[in-house]
Amino acid sequence: MIRCIRHIAGFTLLLLVALLVNAARVQLFEAETYTGNPANRRTFVERYGQPRGAVLVAGRPVTGSRDSGGRLRFERTYTDGPLYAPVTGYSSQVYGTSLIERAEDGILSGTDERLTAFPWWDDLTRAHRAGGSVATTIRPEMQRAAFHGLGRRKGAVVAIEPRTGRILALASTPSYDPNELSGNGTSVGAAWRRLNDDTDRPMLNRALRETYPPGSAFKVVTAAAALDNGTVTDIDASTDAPDPYRLPGTGIRLRNTASGCAHATLKDAFRVSCNTVFARLGTAVGLRGMVDTAQKFGFNDRRLRIPSAVAPSNFDTRMTPAQVALSAIGQYNTTATPLQMAMVAAAVANNGALTPPRLVDRVTDADGNPLFAVRHRRARQAMGPATARRLQEMMVDVVEHGSGRQAAIKGVTVGGKTGTAQHGVHNQGTPYAWFISWARAKNRAQPAVAVAVVVEDAAADRADISGGGSAAPIARAVMRAGLR
Amino acid sequence: MTATATATPARPADTPPPLPLCTQRRGIELALLVAAVLISVCGYLAVGLAKTHAVPSGAAAYGAGLGGLALLAHLAIRFRAPYADPLLLPIAVLLNGLGLVVIFRLDLETPGDAAAPTQLIWSTVGVALFTAVVLLLRDHRVLQRYAYVCAALALLLMVTPILFPAVNGAKIWIRIAGFSIQPGEFAKVLITVFFAAYLAGNRGALAHTGRTLGFLRLPTGRLLGPIVTIWLLSVAVLVLERDLGTSLLFFGVFVALLYVATGRTGWVAVGLLLAGGGAAAVGALEPHVHSRVEDWLHPFAGIAAGEGPGQLAQSLFAFANGGMFGTGLGQGHAYLIGFAMKSDFILATFGEELGLAGLTALFLLYALLVARGYRAALGLHDPFGSLLALGLATLPAIQVFVIAGGVMGLIPLTGMAMPFLAQGGSSVVTNWIIIALLLRLSDRARAPRPEVSELPVPAVRAESVPPEAGR
Numbered sequence: 001m002i003r004c005i006r007h008i009a010g011f012t013l014l015l016l017v018a019l020l021v022n023a024a025r026v027q028l029f030e031a032e033t034y035t036g037n038p039a040n041r042r043t044f045v046e047r048y049g050q051p052r053g054a055v056l057v058a059g060r061p062v063t064g065s066r067d068s069g070g071r072l073r074f075e076r077t078y079t080d081g082p083l084y085a086p087v088t089g090y091s092s093q094v095y096g097t098s099l100i101e102r103a104e105d106g107i108l109s110g111t112d113e114r115l116t117a118f119p120w121w122d123d124l125t126r127a128h129r130a131g132g133s134v135a136t137t138i139r140p141e142m143q144r145a146a147f148h149g150l151g152r153r154k155g156a157v158v159a160i161e162p163r164t165g166r167i168l169a170l171a172s173t174p175s176y177d178p179n180e181l182s183g184n185g186t187s188v189g190a191a192w193r194r195l196n197d198d199t200d201r202p203m204l205n206r207a208l209r210e211t212y213p214p215g216s217a218f219k220v221v222t223a224a225a226a227l228d229n230g231t232v233t234d235i236d237a238s239t240d241a242p243d244p245y246r247l248p249g250t251g252i253r254l255r256n257t258a259s260g261c262a263h264a265t266l267k268d269a270f271r272v273s274c275n276t277v278f279a280r281l282g283t284a285v286g287l288r289g290m291v292d293t294a295q296k297f298g299f300n301d302r303r304l305r306i307p308s309a310v311a312p313s314n315f316d317t318r319m320t321p322a323q324v325a326l327s328a329i330g331q332y333n334t335t336a337t338p339l340q341m342a343m344v345a346a347a348v349a350n351n352g353a354l355t356p357p358r359l360v361d362r363v364t365d366a367d368g369n370p371l372f373a374v375r376h377r378r379a380r381q382a383m384g385p386a387t388a389r390r391l392q393e394m395m396v397d398v399v400e401h402g403s404g405r406q407a408a409i410k411g412v413t414v415g416g417k418t419g420t421a422q423h424g425v426h427n428q429g430t431p432y433a434w435f436i437s438w439a440r441a442k443n444r445a446q447p448a449v450a451v452a453v454v455v456e457d458a459a460a461d462r463a464d465i466s467g468g469g470s471a472a473p474i475a476r477a478v479m480r481a482g483l484r
Numbered sequence: 001m002t003a004t005a006t007a008t009p010a011r012p013a014d015t016p017p018p019l020p021l022c023t024q025r026r027g028i029e030l031a032l033l034v035a036a037v038l039i040s041v042c043g044y045l046a047v048g049l050a051k052t053h054a055v056p057s058g059a060a061a062y063g064a065g066l067g068g069l070a071l072l073a074h075l076a077i078r079f080r081a082p083y084a085d086p087l088l089l090p091i092a093v094l095l096n097g098l099g100l101v102v103i104f105r106l107d108l109e110t111p112g113d114a115a116a117p118t119q120l121i122w123s124t125v126g127v128a129l130f131t132a133v134v135l136l137l138r139d140h141r142v143l144q145r146y147a148y149v150c151a152a153l154a155l156l157l158m159v160t161p162i163l164f165p166a167v168n169g170a171k172i173w174i175r176i177a178g179f180s181i182q183p184g185e186f187a188k189v190l191i192t193v194f195f196a197a198y199l200a201g202n203r204g205a206l207a208h209t210g211r212t213l214g215f216l217r218l219p220t221g222r223l224l225g226p227i228v229t230i231w232l233l234s235v236a237v238l239v240l241e242r243d244l245g246t247s248l249l250f251f252g253v254f255v256a257l258l259y260v261a262t263g264r265t266g267w268v269a270v271g272l273l274l275a276g277g278g279a280a281a282v283g284a285l286e287p288h289v290h291s292r293v294e295d296w297l298h299p300f301a302g303i304a305a306g307e308g309p310g311q312l313a314q315s316l317f318a319f320a321n322g323g324m325f326g327t328g329l330g331q332g333h334a335y336l337i338g339f340a341m342k343s344d345f346i347l348a349t350f351g352e353e354l355g356l357a358g359l360t361a362l363f364l365l366y367a368l369l370v371a372r373g374y375r376a377a378l379g380l381h382d383p384f385g386s387l388l389a390l391g392l393a394t395l396p397a398i399q400v401f402v403i404a405g406g407v408m409g410l411i412p413l414t415g416m417a418m419p420f421l422a423q424g425g426s427s428v429v430t431n432w433i434i435i436a437l438l439l440r441l442s443d444r445a446r447a448p449r450p451e452v453s454e455l456p457v458p459a460v461r462a463e464s465v466p467p468e469a470g471r
């Protein structure tokens with residue numbers, strides 16, 4: 001009997017061992033699989049269990065936290081939500097995050113390993129790391145000028161500090177209030193559906209995620225290609241472009257809205273925006289030369305991050321000469337984000353050197369200690385310095401004597417280029433008004449700011465839409481704010 | 001207070017030497033009890049501090065209540081079972097206390113449903129019954145006489161819930177005046193008593209008579225008949241009520257006792273074969289069980305089907321979140337477990353908030369409890385006592401394995417209560433009775449062997465228990 005009792009005891013011991021081994025399997029060896037399961041709500045609950053770190057503009061937070069007392073406890077709040085929505089994005093319990101909220105989520109939510117000195121100790125003690133803050137490069141007065149300049153029209157503004165690539169303003173209209181998407185009440189779902197069903201697409205970040213045909217504003221790139229390739233050596237010498245210009249290999253005759261384009265000089269053609277001259281220059285430079293220069297400015301770059309992803313701007317790499325001619329005046333398949341066109345203006349202003357744009361200045365922990373240096377990418381030469389200086393001269397000419405007069409600021413050197421891009425079937429869509437420019441205080445060597453403005457205004461009379469009329473005043477207001 | 005050898009009067013020179021010194025160790029028991037109550041109160045405070053950042057208002061009352069119960073039980077033991085095993089009561093108090101802490105902690109997640117006060121009332125009832133058993137049951141062998149009464153009572157208790165409506169698919173509850181009672185819980189003690197008594201009475205015949213069939217010697221039907229009938233009846237009732245955990249429990253205890261009583265390995269083989277075949281058949285045919293088996297095999301099937309995580313998946317998530325040291329009491333996300341989080345799935349909260357370390361400690365507490373039961377079984381000299389101690393200790397052993405294995409994905413889930421830990425009045429009361437009986441048995445096992453001259457035991461009883469019987 002004693003032997004049998006011992007056997008039973010031994011069997012019970014086996015059961016105990018099985019339980020312990022299984023417990024170790026579930027809690028240690030397979031724990032990561034279970035924790036990482038997307039259906040495991042614990043991740044979300046812990047994520048919202050503490051206030052989220054702040055997004056700073058000029059040292060002041062534009063975001064806050066509200067304790068909802070619910071399961072997903074802390075909800076995001078935004079001050080000046082519509083104004084900064086294209087910068088911050090939203091952070092929603094239901095719909096996730098976007099833009100900086102998404103790109104810097106690890107820092108803001110406190111999950112980033114870099115927030116702690118001893119990660120293994122925190123893992124052991126399950127210490128919750130408080131969310132760090134993200135300082136943006138935005139200057140509030142410029143952001144306001146851009147936002148109010150656009151007003152009720154659809155469009156976008158990007159302003160860049162040419163030398164550093166810091167994005168000073170990033171506006172997109174119509175905007176939305178990310179406060180509406182915070183939390184997880186029924187109103188959040190309603191707001192989400194309303195914003196998504198809106199035909200004006202207020203949640204679309206037009207500055208980063210929408211590409212437009214750049215129209216005549218692209219002539220800056222074509223001129224740079226022509227000068228860098230030696231196709232044009234003297235901007236004051238006559239080009240051999242006839243008016244109208246027959247696209248090579250086709251019977252299509254390209255005309256101008258401006259007069260005096262036949263055999264105009266590059267500088268004159270740039271000032272009055274002659275399609276014929278630039279279309280012909282494009283074919284003269286050739287596909288390879290045009291693609292090369294466009295890509296140096298950042299076209300066709302799928303990897304651009306600021307740190308949010310930016311929609312790639314397009315310049316086709318396989319085209320017939322006629323398509324190259326149309327692409328050279330910013331039509332055909334050529335499309336660009338407002339950020340891309342701001343980069344073009346910035347590269348010209350910065351003597352040909354293009355610094356990749358960025359929106360984040362500094363990342364700190366919850367106490368404000370800098371965590372690590374934000375990796376500043378080095379400038380690359382988009383064109384030769386001599387080419388850049390001649391382009392600056394031509395762009396100043398546009399503002400002083402050409403279509404960009406509304407951008408002029410007294411006592412400041414301003415260079416610009418207008419664009420009125422046609423689109424739609426048979427060009428029946430409302431044209432987009434472009435203006436790209438840069439400004440430099442007279443007593444400074446460095447340009448202060450480069451700006452790109454696009455206005456897509458279906459309500460406006462077609463005749464009123466032109467880069468000089470609609471977009472240039474906005475660019476002027478932003479540049480003035482930047483020079484202050 | 002410790003190490004008091006029995007002060008026996010002077011013996012005649014020809015009597016055998018005294019047995020090894022038997023110690024009472026009641027002081028150790030008291031010290032362990034104080035520790036158990038302190039640990040529970042600390043857990044209670046930890047929950048309050050974590051959830052509301054304040055000392056919970058009922059802390060003093062909770063500590064006093066638990067301490068009072070422990071003291072009452074301790075005094076009863078001092079008075080009537082001075083040689084009882086000093087570990088049993090502290091372990092029971094600690095498990096009961098921890099259960100109250102975790103239930104209190106889960107109450108904070110479910111504002112409409114406070115189970116801890118009810119559980120405390122049931123614990124009080126349990127300790128009262130414990131005290132009654134310790135005080136009134138002077139000799140466990142009395143129970144042997146009531147074997148068939150126990151069997152009849154157990155069957156009656158198990159049949160009663162059929163008359164009451166089903167709760168969550170199982171007809172195992174009786175609802176009276178807002179209290180729900182699970183009579184099957186009491187039945188398991190009664191059935192164990194019956195098994196032990198019947199097998200103790202017939203073990204010689206069971207082991208040595210009957211025909212040989214291959215390696216197995218089958219006892220005659222007349223011998224095996226009654227016990228198999230009652231066992232089959234109870235299992236049939238349980239299957240009818242869909243209480244599969246308890247039927248498994250009865251089966252396990254039956255096989256274990258049969259094996260120990262007859263000493264024949266063949267019974268274990270037959271038992272395992274029967275269990276395997278029965279489980280496979282029920283798992284394939286019965287839809288309720290079949291779904292449990294499916295859940296066990298594919299705990300994340302619900303997620304893949306877009307229905308969200310099932311309960312087993314939620315339980316595994318909770319355990320995984322606990323990791324090595326747990327999130328700390330009150331700092332897990334127990335409400336995600338949802339249904340039955342205070343009863344069947346209470347272990348998931350325990351594992352999440354106290355981690356593998358806490359869970360191991362808990363399993364070891366149960367193991368210690370079971371081991372002390374087996375220790376008593378080894379020390380007893382009457383077959384009935386041995387078998388009863390073995391059966392009573394095996395009950396929590398199988399129960400812990402079945403429920404812990406179920407909620408952790410080791411075996412298919414069968415609804416059962418974690419002894420002492422889970423919410424459930426009948427369960428707590430029954431477990432206290434089991435502890436009382438084990439204490440009584442261990443007291444007898446550890447007490448100095450009474451000498452015939454000192455024994456005021458009726459002659460007939462002494463005759464039925466020859467010393468060293470069956471060894």
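These protein sequence lines are chains A and B, in that order.
Numbering of the first sequence is given in the working numbering, commencing with residue 1 and proceeding in unit increments.
Numbering of the second sequence is given in the working numbering, commencing with residue 1 and proceeding in unit increments.
From the three backbone atoms N, C-alpha and C, an ideal C-beta is built for every residue, glycine too.
Under 9 angstroms from the C-beta of residue i: neighbouring residues of chain A
i         : result
Tyr198(B) : What Tyr198(B) touches in chain A: nothing, since even the nearest Cβ is about 16 angstroms away.
Ala313(B) : Tyr34, Asn37, Ala39, Asn40
Phe363(B) : Leu16, Leu19, Leu20, Ala23
Residues that residue i bridges to, as DSSP identifies them
i         : result
Leu170(A) : Val158(A)
Ser65(A)  : Arg76(A)
Phe435(A) : Thr418(A), Val453(A)
Gly96(A)  : Ser92(A)
Pro370(A) : Thr364(A)
Arg305(A) : Ala309(A)
Ala135(A) : Leu56(A), Arg362(A)
Below-9 angstroms beta-carbon distance, residue i vs any chain A residue
i         : result
Met418(B) : no
Thr360(B) : yes
Val260(B) : yes
Arg471(B) : Summary for Arg471(B): the model assigns pLDDT 40, below 50, so the residue's position carries little reliability, and this model does not support an answer.
Ile39(B)  : no
Residue i - containing alpha helix (DSSP H), residue span
i         : result
Asp361(A) : Asp361(A) -> not in any alpha helix (DSSP H); beta strand (DSSP E) instead, spanning 360-364.
Pro56(B)  : Segment: none, Pro56(B) is in no alpha helix (DSSP H) and carries neither H nor E.
Ala301(B) : 301-304
Neighbour flag for residue i against chain B, beta carbons, 9 angstroms
i         : result
Ala9(A)   : yes
Leu72(A)  : no
Gln50(A)  : no
Ile5(A)   : yes
Gln93(A)  : no
Ile2(A)   : yes
Leu287(A) : no
Within chain B, the residues that residue i reaches when beta carbons sit closer than 7 angstroms
i        : result
Val45(A) : His333
Ala31(A) : Ala320, Gly323
Neighbouring residues, chain A, relative to residue i (Cβ below 8 angstroms)
i         : result
Thr394(B) : Ile8, Thr12
Cross-chain neighbours of residue i in chain B, by beta carbon under 9 angstroms
i        : result
Ala24(A) : Leu356, Thr360
Can you give me, in chain order, the residues of the region 324-348 of chain B that have a beta carbon less than 9 angstroms from any beta carbon in chain A? Cβ contacts with chain A come from Met324, Phe325, Gly326, Thr327, Gly328, Gln331, Gly332, His333, Tyr335, Leu336.
Of all the residues that make up the region 371-392 of chain B, which are near chain A by a beta-carbon distance shorter than 8 angstroms? Ala371, Tyr374, Ala377, Leu378, Pro383, Ser386, Leu390
In the region 118-130 of chain A, which residues sit with their C-beta less than 9 angstroms from some C-beta in chain B, listed in chain order? Residues passing the 9 angstroms Cβ filter: Asp123, Leu124, Thr125, Arg126.
Can you list, in chain order, the residues of the region 403-418 of chain A whose Cβ is nearer than 9 angstroms to any Cβ on chain B? none
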